[in-house]
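*Asks:* One structure, as structure tokens, below. Some questions next.
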Amino acid sequence: DTGVSQDPRHKITKRGQNVTFRCDPISEHNRLYWYRQTLGQGPEFLTYFQNEAQLEKSRLLSDRFSAERPKGSFSTLEIQRTEQGDSAMYLCASSFGTSAETQYFGPGTRLLVL
Amino acid sequence: GEDVEQSLFLSVREGDSSVINCTYTDSSSTYLYWYKQEPGAGLQLLTYIFSNMDMKQDQRLTVLLNKKDKHLSLRIADTQTGDSAIYFCAEIPLSGNTPLVFGKGTRLSVIA
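Here you go:
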């Protein structure tokens with residue numbers, strides 16, 4: 005399967021712990037996006053990369069959130085000192101191109117902070 | 369500003385047509401999308417339309433775009449129980465710095 009993959013699919017953690025999620029995009033896609041989706045809402049944009057460059061990060065929810073894409077392939081999203089309000093589905097998407105284009109989504113990582 | 373509005377629920381009988389509506393605010397949006405999300409899953413791209421088009425048909429799906437009213441609709445012909453899901457409308461606004469802006473989604477329930 006050559007779709008977008010995310011790992012883990014589910015994560016339960018205690019408040020105050022750090023978590024890291026991984027996303028592997030479709031192999032020829034140069035853009036990679038992170039979104040957060042809370043219950044009853046549509047996905048909310050967090051950040052995105054073109055190759056290894058992070059082009060937009062002002063929408064990251066706080067300085068506890070950070071993302072990397074060091075080699076322009078897979079990406080990681082880290083949340084430090086998790087809070088209960090961070091509980092959500094974290095979605096990754098990828099696309100090919102530099103202008104308006106179609107984003108393909110992974111299955112998501114569901115985070116529960118206790 | 370960036371805002372996409374959808375009605376939250378729609379219920380139809382199997383075999384009928386479903387029409388899901390969406391309004392958006394950014395008149396400069398170039399592409400508009402429909403995504404489907406089944407329980408516990410990611411988003412599946414259904415179809416999209418470029419802003420210079422009025423209509424796009426893809427098998428059972430018909431997308432209508434009214435740019436003047438900033439209104440987008442998705443019609444599903446011969447709705448099946450497998451179509452039960454949440455449908456999201458999304459736009460790529462030229463203004464702002466957000467690649468995709470989503471509505472809250474319309475939950476479609478198909479009654480057998």
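Chains B and F, in that order, are what the protein sequence lines are.
If you're matching positions, the first sequence starts at 5 in the numbering used here and goes up one per residue.
If you're matching positions, the second sequence starts at 369 in the numbering used here and goes up one per residue.
The C-beta atom is built at its ideal place from N, Cα and C for all residues, glycine as well.
Could you check what DSSP says for B:Q107 in three-state terms: helix, strand or coil?
*Replies:* Three-state DSSP puts B:Q107 in coil, outside helix and strand.
*Asks:* What beta strand (DSSP E) runs, 3 residues minimum, are completely inside the region 420 to 450 of chain F?
*Replies:* 423 to 426, 429 to 434, 439 to 444, all fully within the region 420 to 450 of chain F.
*Asks:* Buried or exposed for B:Q107, going by 16 or more other Cβ atoms inside 10 Å?
*Replies:* Buried: at least 16 other Cβ atoms inside 10 Å.
*Asks:* Whose Cβ in chain B lies nearer than 9 Å to the Cβ of F:F470?
*Replies:* What F:F470 touches in chain B: Y39, Q41, Q45, G46, P47, E48, F49.
*Asks:* Between B:I30 and the rest of its own chain, which residues show a CB-CB distance below 7 Å, the 5 nearest in sequence each way excluded?
*Replies:* Only T6, G7, V8, S98, Y108 meet the Cβ criterion.
*Asks:* Taking Cβ-Cβ distances below 9 Å as the criterion, which residues of the region 413 to 436 of chain F are in contact with chain B?
*Replies:* Residues passing the 9 Å Cβ filter: L413, Y416, F418.
*Asks:* By a C-beta neighbour count over all protein chains shown, 10 Å radius and 16 as the cutoff for buried, is B:S66 buried or exposed?
*Replies:* Per the 10 Å Cβ criterion, exposed.
*Asks:* Mind listing the chain F neighbours of B:F109? Cutoff is C-beta to C-beta under 8 Å, in chain order.
*Replies:* The answer, in chain order, is Y403, G410, L411, Q412, L413.
*Asks:* Going along chain B in order, which residues have a C-beta closer than 7 Å to the C-beta of F:F456?
*Replies:* Residues of chain B passing the Cβ test: G46.
*Asks:* Whether or not the region 19 to 36 of chain B and the region 61 to 80 of chain B are in contact is what I'm after, with contact meaning three or more pairs of Cβ atoms, one per stretch, closer than 8 Å; do they touch?
*Replies:* Segments in contact, yes.
*Asks:* Determine the closest residue to F:V387 out of F:T449, F:S395, F:L462, F:L378, with distance taken between C-alpha atoms.
*Replies:* Nearest option by C-alpha distance: F:L378.
*Asks:* Note down the Cα distance separating B:T113 from F:L442, rounded to an integer number of angstroms.
*Replies:* Using only the alpha carbons, I get a separation of about 28 Å.
*Asks:* Closest to B:Q84 by CA distance: which of B:R40, B:R68, B:L118, B:I16 is it?
*Replies:* Looking at the Cα atoms, B:R68 is the closest of the given residues.
*Asks:* Buried or exposed: which applies to F:E459, given that a residue is buried once 16 or more other Cβ atoms fall within 10 Å of its Cβ?
*Replies:* Its Cβ being crowded by 16 or more others within 10 Å, F:E459 is buried.
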